[in-house]
Structure formats: C-alpha cells, structure tokens
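Heads up: the structure comes next, in structure tokens.
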Amino acid sequence: MELIATARFKKAMDRASAATAYTERITQLVADLTRSGLEVSHPLLEAREEASKATLLVLTANRGLCGGFNGNLIRAGVQRWRELGQDDRITERRLEVAGKRGIAGFKFRGDAPDVAYTHFEDKPTYDEVELIANRYLEEYQSGRLDRLDVVYMKFISIAKQQVAIETLLPLGSLGDAAEADSPQVQTQYEFLPSPKSILEEVVPSSFKVRLFKCFLDSAVSEQIARMVAMKSATENAGELIKQLSMEYNRARQGRITSELMDVIGGVEALK
Amino acid sequence: MADHASDATVAADLRVVVVTPEQTVLDVTTDFVALPLYDGELGVAPGHAPMIGRLGYGELRIGHGREGQLFYIDGGFVQVSGNVVSVLANRAIPRERLDQATIEESIRSARVLQAAGDDQIARRDKALAQSRAQLRVARRAR
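Protein chains in written order, with the numbering used here: chain A, 594 to 864; chain B, 116 to 257.
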C-alpha cells in the first residue's frame, strides 16, 4: 500500500508541476498587462456590496486510509459552513462537496450537500474542472452567486500541506506575484485586438486555472497523506509482528520448560 | 525573460512554447509560426515586435511546408517577446488526433440543438465555431 501510494503520489506530483508552466506564464502575462498602465478592472475582480448568495466548495477524497486528510478538511468545511449560516448578510448558501468521504462526513453532521461530485480521482482533468468553473462564472455573472469559497488541502511542500479556505469569486487580485515582480526591462507590447479585450479573457481564464490548481493540489496532498499513513501503518505492523513473535516464543519456551520440569519431577519421585 | 538579449540578432530562431493548463504541449525552435488570432491569422517570424494577443479557434502552424506541425487551438492568449512565442491555450490538439467523423457529428448535433435566450444561443454558436474550426484543421491537406 505504501508503494502504491508513493507511485500515485509521483504521478500526481508530475501532473501538478506540469501545470505550473501555464500558471507562471499567465502571471507573467498579467504582470506585463498591468505594467503597460492598463487599469485592471473587471466584474469578477470586484467584491459586491450585497453578497447574499454564497457557495462553499469542499474538496475531499473519495477514499479513506489517508490519515487526518479528510477529517481536517471536513472540520474546516463544517466550521466555514456554520460561519456562513450565522452571517446575517447571507440569505442563500449552497454546499458543494467533492469526494465520497466529504459527502458522508457532511451528511453525518446533518448538512447534506446540494451538489456532490465523486468523479474526481487522483487525476482531475482540466475539462472536468472547466465545466464546473464555467457554471460558477455563469452563475456569478447572472447574479445567482455572489461569493465562492473553496476549502482544500494546499500543497506547500512534500512535508507540509495545509487546509486552506480561499475565496475564488470575487477573485480579488490577478496573480499574487504580479506586483511583487521586480521591474525588468520595460517592453512595449502591442496588443491585439486591445488590452481591454485581452483582460476580459484573462480574468475568467485565471479563475479557471486557480480552481484547477485547487483540484490538483488536493489530489497531490491526498496521495502524500496516504503515503504517510501507509508508511506508519507498515512500520506499526512490523513492530506488532516483532512483539507478537517474541510473546509466542516466550510462551513456547515456557511450555517446554514446564514439561521438562514435569519429567525431571517424575524422575526424582521414582528414586 | 532571459531572451531579451537575443532581440538584436534577427536571424536567430524562434522558440515556440505551447502550454495548456494541464501540461506543456510543445517546446520547439523553428523559423516561422502562424497563430490563429481572434480576428484572423497572424504570422510570426524571428525578430517580431513584442506583442500580446488574444487567440481564437483555429490552427497553429509551426514551421514551413510539409515538415510543419499543425495544432488545433481552442482560444487563449499569445505573448511574443524576444523571439519567444508563448501560446497559452485552453486546449491544443495535434492535427493527427482530430477525427473528422466525430467533429462532423458534433456539428450536426449542435445545429439541431434548441436554444432559447441569448445565453444558450451564444453557447451553441461557440460550440459550432469550435467544431467548424476543428474541421478546417482536420481537413487541411498536407
């Protein structure tokens, strides 16, 4: 099990790192766009004053045996769900959960998810995520959704993953590194057809990519959690075997000794 | 970018990087690339001025003539800077992987689709435009 988890983790990790190329380039593109003096404004970027319809998306795993992975996510998700429920401004809240464990966890706590996804395994594809992303975008634009929070396991390093709650809609800012970039050689770009039209397209794209990244991070973190859980299970089993075989040997030796004592006792009695 | 230095040497090769959200599809050097921009095709040769453009649905041609590679690009962006062409596409499908029969089928099903309201009509038109562009790429004689 540990070996299987390790192999799966490697695959998931490769997929996640292959996806960073796109994220990096889109961040670069946005940085260049903003440096050209364009005012970045887009309906997806601005928070609405009346945020009454909220959706919470919780990404969990389909399977267990991965330590505290699902438990931590469900706990964070439930807490945020309650917070949304207590917020007076929010009149309508929807719960969406990916992963069988999360669905069962929420049901057990009495909050049945409105939408449940179970088809995301350890290889989420962009096409699948794009479908969901498009639906969110459409709902947001038509005013049926004011705010989207995603609860997922953020991959920081192989040794560290964290439960993260991120507000993806409204997007807030485009790419965190956009402003932090050191001013490089200023290149004057030509925009075809116009910066505005490009921006219109960039914003939804970066939302989709961010959502996709959440799914990828979650898949990688799940495999790491499973790997760690299986490693400690293997070690624990080895220790148990050691302990049990020692106990067995002791018991056997004890029986042999007591039989010998019987024989010797019998011989002594015959004398 | 590291390639700013090579701006001056016009004869240098063009590096084309095609990335989709899932992976880097292609990273090659060539001498010419034709991009499907939003409103028409754009050819890029080495030494092109820095540019950011919006891509439509259509074919991406890398290299000249018969050795060239053909891709179907499903919208996205392109950034040209210092002899590096970065294509950020939602999807990039090599010509060889496009199947005419399935595309024609999807065009047929899209045409008979009932659409009510601007939203649905826009979605249907988008699907049609995508399929037709795919068909154009697939049918292209080598």
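We treat Cβ as the ideally placed atom computed from N, Cα and C, and that holds for glycine.
Cα-Cα separation between residue i and residue j, rounded to whole angstroms
i: Gln846(A); j: Val856(A); result: 15 Å
i: Lys747(A); j: Thr139(B); result: 23 Å
i: Asn663(A); j: Val690(A); result: 12 Å
i: Arg115(B); j: Gly173(B); result: Within the shown structure, residues of chain B are numbered from 116 to 257, placing residue 115(B) beyond reach of any answer.
i: Tyr719(A); j: Glu137(B); result: 6 Å
i: Gln755(A); j: Asn198(B); result: 40 Å
i: Gln194(B); j: Leu596(A); result: 42 Å
i: Ser775(A); j: Arg628(A); result: Any reading at Ser775(A) needs caution, since the residue's pLDDT is 48, under 50, leaving its predicted position unreliable; the model's value is listed next. So the alpha carbons of these two residues sit roughly 11 Å apart.
i: Val252(B); j: Thr135(B); result: 19 Å
i: Met116(B); j: Arg608(A); result: Residue confidence for Met116(B) is low, a pLDDT of 44 falling below 50, so the modelled location carries little weight and cannot support an answer.
i: Glu759(A); j: Cys807(A); result: 9 Å
i: Arg169(B); j: Phe192(B); result: 5 Å
N-terminal and C-terminal residue of the beta strand (DSSP E) that residue i is part of
i: Ile167(B); result: Met166 to Ile177
i: Pro717(A); result: That residue, Pro717(A), is in no beta strand (DSSP E); it is neither H nor E in DSSP.
i: Ile208(B); result: Ala207 to Pro209
i: Phe186(B); result: Gln184 to Ser196
i: Thr780(A); result: No beta strand (DSSP E) contains Thr780(A), which DSSP labels as neither H nor E.
i: Gln249(B); result: No beta strand (DSSP E) holds Gln249(B); the alpha helix (DSSP H) holding it covers Gly232 to Arg254.
i: Arg649(A); result: The sequence shown places Leu at residue 649(A), not Arg. Element bounds for Leu649(A): Lys646 to Leu652.
i: Ile758(A); result: Lys753 to Leu762
Limits of the unbroken alpha helix (DSSP H) element including residue i
i: Thr613(A); result: Glu595 to Arg628
i: Asp810(A); result: Pro788 to Leu863
i: Phe699(A); result: Lys693 to Phe701
i: Leu666(A); result: Phe662 to Gln679
i: Gln215(B); result: Gln215 to Arg226
Within-7 Å CB hit, residue i to chain A
i: Asp187(B); result: For clarity, residue 187(B) is Tyr in the given sequence; the question names Asp instead. With 7 Å as the cut-off, Tyr187(B) does not count as an interface residue toward chain A.
i: Leu152(B); result: yes
i: Arg226(B); result: no
i: Gln194(B); result: yes
i: Thr144(B); result: no
i: Gln138(B); result: yes
i: Ser246(B); result: no
i: Arg169(B); result: yes
i: Ser221(B); result: no
Any chain B beta carbon closer than 7 Å to residue i
i: Glu595(A); result: no
i: Ile619(A); result: yes
i: Ser811(A); result: no
i: Val552(A); result: Outside the displayed range of chain A (594 to 864) lies residue 552(A), so it cannot be described from this structure.
Which residues DSSP lists as bridging residue i, in chain order
i: Ala149(B); result: Gly158(B) and Arg176(B)
i: Phe748(A); result: Gln754(A)
i: Glu685(A); result: Lys646(A)
Contact set between residue i and chain C, taken where Cβ atoms lie within less than 8 Å
i: Pro165(B); result: Among the protein chains in the structure shown, which are A and B, there is no chain C.
At least three beta-carbon pairs within less than 8 Å, the segment 651-667 of chain A to the segment 611-629 of chain A: No contact exists between the segment 651-667 of chain A and the segment 611-629 of chain A.
Three-pair Cβ contact test at 8 Å for the segment 216-234 of chain B versus the segment 162-174 of chain B: Touching, no, given that fewer than three Cβ pairs across the two stretches are closer than 8 Å.
Cβ pair count under 8 Å reaching 3, the segment 807-815 of chain A against the segment 733-742 of chain A: With a cut-off of 8 Å, the segment 733-742 of chain A and the segment 807-815 of chain A do not count as touching, because too few Cβ pairs lie within range.
Stretch pair the segment 599-613 of chain A + the segment 711-725 of chain A: three plus CB contacts closer than 8 Å: Touching, yes, given that three or more Cβ pairs across the two stretches are closer than 8 Å.
Cβ contact (3+ pairs, closer than 8 Å) linking the segment 666-678 of chain A and the segment 646-654 of chain A: They touch, by the three-pair rule.
Segment contact flag, the segment 783-792 of chain A with the segment 140-157 of chain B, C-beta cutoff 8 Å, min 3 pairs: Yes, the segment 783-792 of chain A is in contact with the segment 140-157 of chain B.
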